[in-house]
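Beneath this line is the structure, given in structure tokens, with notes to follow.
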Amino acid sequence: MTKVLIVDDKAEERYLLETLLKGTGYEVVSAQNGKEALKKLWAEGADIVVSDILMPVMDGFKLCREVKSNEKVRGIPFIFYTATYTDSKDEEFAMSLGAERFIRKPMEPEAFIGMLREVIGQHKAGQLEVRRKAVAEEKVYLKLYNEALIRKLEDKVEQLEEAYKALKQEIIERKRAEEELNAERFKLRVLFENLPIIVYNVSLDGKILDCNPMAIKTMEYESKGELIGKTLVDTVYAPSSRRKASQLFEKWKKEGKLKNEEMQIITGQGKILDVLLNVDTIYDLKGNSLYSISTQVDITERKRIEEALRKSEERYRELFENVPVGIYRTTPEGEIIDANPAMVQMLGYPDRESLIMAKAEETYVNPEERRKWQEMMEREGEVRSYEKQLRRRDGSVIWVQEDSRAARDASGRVIYYEGAMVDITERKRSEEEKASLQEQFRQSQKIEAIGRLSGGIAHDFNNILTIISGNAQLSLLDLKQGDPLRGNIGFSERISIW
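Every position in the sequence shown, counted from 1, becomes a number in this note's numbering once 21 is added.
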């Protein structure tokens, strides 16, 4: 088995090369510098040497010089494998020392193994003797070696200058970044101190690390010292919320955040407040949790209003269900959204659902009446004491009087109509009967007046006829028998008597 001596001061480089060679079937001996390599070469021997150049104690150039100057081992093939000395002059100097190959790192494993096999094959075939051009004179060697070192030193100086520039720029950028970071931290601190909501920084074991002034004020404490270091669950949350708070703390540790959880807290004075809890996590650069930021918004007033609204809704619903007035809600398209029992009964439906399934127009005697009413609602927004006829489910007609209004959204668009109505059918019937009686009374008064007028006329006419009759009789006394006027006067007398 071919034995390969690996020389490199970097342990990881030796390990990778050793693993590659052993996996390909080579025996491997390794050393971390030229001096150690020579000892192993004298003691254990090797079939080929693969060496880095830049190493402490003894570098690769000196190692190659020593190997190629020793009659015992000078025949062993020597390969430079370097990532530092990569200049063409470095390669020329290396080859002048008697090296068989000069390989620049990195090289693909297959190519490296192929080159290694090629050198070993040439060595076994005796083809490498003519390639050895070892430097014989010490002065020449030292000159070339020093030149190589100077080139490397110049390269290093240049690299150091570039590194210095880069480091200087990095320091400037880091300083700028630190200044920006400090500015952001200052802004965050100002925000933290002035936020109108409660803010806590909480450790991974549930202890309060910091809190803002609003937390101290809301919790009715004198200073943050009364809160910092205390367990959040036991100190802040009311007994009614502590179990939930503990469960949420475990949930936060698993998920990293909590959203809009309603909780109750207890102040230092024993006051219970409702809050809306949100939690986020602060992580380090490796993604490990450092602590949580817990915010609590006081929603006590909102909860009070919600409760008042709930009770108001209950009272409204109770009134809606039990008031003897028909209450309804319909859309502009004629859908019946809601109706109370009185409305259902008024229109003769068996239940609310049956009425809601009907269209609003179906309840009108004249559908045109609804369109007129709807135009009035759109124009004026409400109507008062509006009378109209509706058709019950059984086809009978009723009169109703209603007050209604149009409900609009933020853009002013009507979203529904709602109103209350009472059945005035009996009232309308009474009004009609009253109107009929009044008309009859007026007619009777007219007849009576005519009668009185007729009687007066007859009386006056009688008086006139009496006078006529008397005068006629007196005239007859003065006329002779056979006078033609006696016939006319007699006729007048008969007429007056008749």
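Even for Gly, the Cβ is constructed at its ideal location relative to N, Cα and C.
Among all the DSSP beta bridges, which residues are the ones paired with Ala-441?
Ile-348, Asp-424
Kindly identify the DSSP beta-bridge partner or partners of Leu-37.
Per DSSP, none; premise fails for Leu-37.
To the nearest angstrom, how far is the alpha carbon of Ile-27 from that of Ala-146?
23 Å
Out of Lys-274, Lys-467, Val-365, point me to the one whose CA is closest to Asp-415's CA.
Val-365
Just the Cα atoms here: how many angstroms apart are Val-404 and Gly-355?
So the two alpha carbons sit approximately 18 Å from each other.
In angstroms with no decimal places, state the Cα-to-Cα distance between Glu-200 and Ile-192.
It is roughly 12 Å from the alpha-carbon of Glu-200 to the alpha-carbon of Ile-192.
Which term fits Trp-63, buried or exposed, when burial requires 16 or more other beta carbons within 10 angstroms of its beta carbon?
exposed
Less than 9 Å between the C-beta atoms of Val-254 and Ala-266, yes or no?
The criterion of a C-beta distance shorter than 9 Å is satisfied by Val-254 and Ala-266.
Residues in the same chain with beta-carbon distance under 7 Å from Trp-273, minus the five sequence neighbours each way, listed in chain order, please.
Leu-279, Val-300, Ser-313
Go ahead and label Asn-233 buried or exposed: buried means 16 or more other beta carbons lie within 10 angstroms of its beta carbon, across all protein chains shown.
buried
Name the one or two DSSP bridge partners that Lys-228 has.
Thr-252
Would a C-beta distance cut-off of 9 Å place Leu-149 and Val-25 closer than the cut-off?
no
Does the region 73-83 touch the region 50-57, meaning 3 or more C-beta pairs lie closer than 8 Å?
Segments in contact, yes.
Are the beta-carbon atoms belonging to Ser-315 and Gln-285 less than 9 Å from one another?
Contact flag unset, no.
Limits of the unbroken beta strand (DSSP E) element including Met-136:
Premise fails: Met-136 lies in the alpha helix (DSSP H), 130-145, not in any beta strand (DSSP E).
Please look up how many angstroms separate the CB atoms of Glu-390 and Lys-409, rounded, as I've assumed it's under 8 Å.
6 Å
Which full runs of the alpha helix (DSSP H) of 4+ residues lie inside the region 192-240, going along the chain?
234-239
Local Cβ density within 10 Å of Thr-107, reported as buried at 16 or more and exposed below that
The residue in question, Thr-107, is exposed, as its Cβ has fewer than 16 Cβ neighbours within 10 Å.
Helix or strand or just coil, what does DSSP make of Arg-413?
coil
Beta-carbon separation of Arg-336 and Asp-359 under 9 Å?
Taking 9 Å as the Cβ cut-off, Arg-336 and Asp-359 do not qualify as a contacting pair.
Using the DSSP secondary-structure output, state which residues sit across from Ala-381 in a beta bridge.
Its beta-bridge partners do not exist; DSSP assigns none.
Out of Val-49, Ser-90, Pro-77, which one is the CA nearest neighbour of Gly-66?
Val-49
Residue range of the alpha helix (DSSP H) that includes Ile-326
321-343
Could you tell me which of Gln-268, Tyr-304, Ala-184 sits nearest to Asn-222, measuring between CA atoms?
Tyr-304
When DSSP builds the beta bridges, which residues end up paired with Ala-360?
Tyr-349
Using a threshold of 9 Å, state whether the C-beta atoms of Ile-436 and Arg-426 are closer than that.
no
Is the region 113-120 close to the region 92-100, with three or more CB pairs under 8 Å?
yes
Taking 8 Å as the cut-off, does the CB of Glu-399 come closer than this to any heavy atom belonging to the ligand SAH?
The ligand SAH is not among the ligands present in this structure, which contains no ligands whatsoever.
Since Thr-252 and Lys-228 are thought to touch, with beta carbons under 8 Å apart, how far apart are those beta carbons, to the nearest angstrom?
6 Å
When the Cα atoms are used, what is the spatial distance from Ile-124 to Gly-135?
12 Å
Helix, strand or coil: how does DSSP classify Gln-285 here?
Look at Gln-285 here: in three-state DSSP terms it is strand.
Endpoints, alpha helix (DSSP H) assigned at Glu-354:
Unbroken run through Glu-354: none, as it is neither H nor E.
Just the Cα atoms here: how many angstroms apart are Lys-93 and Val-70?
14 Å
Could you tell me if Gly-440 is buried or exposed, where buried requires 16 or more neighbouring beta carbons within 10 angstroms of its beta carbon?
Burial of Gly-440 is indicated by the presence of at least 16 other C-beta atoms within 10 angstroms of its C-beta.
Tell me which residues share the same chain as Gly-402 and place their Cβ nearer than 7 Å to its Cβ, disregarding the 5 neighbours each side in the sequence.
Arg-426, Ala-427
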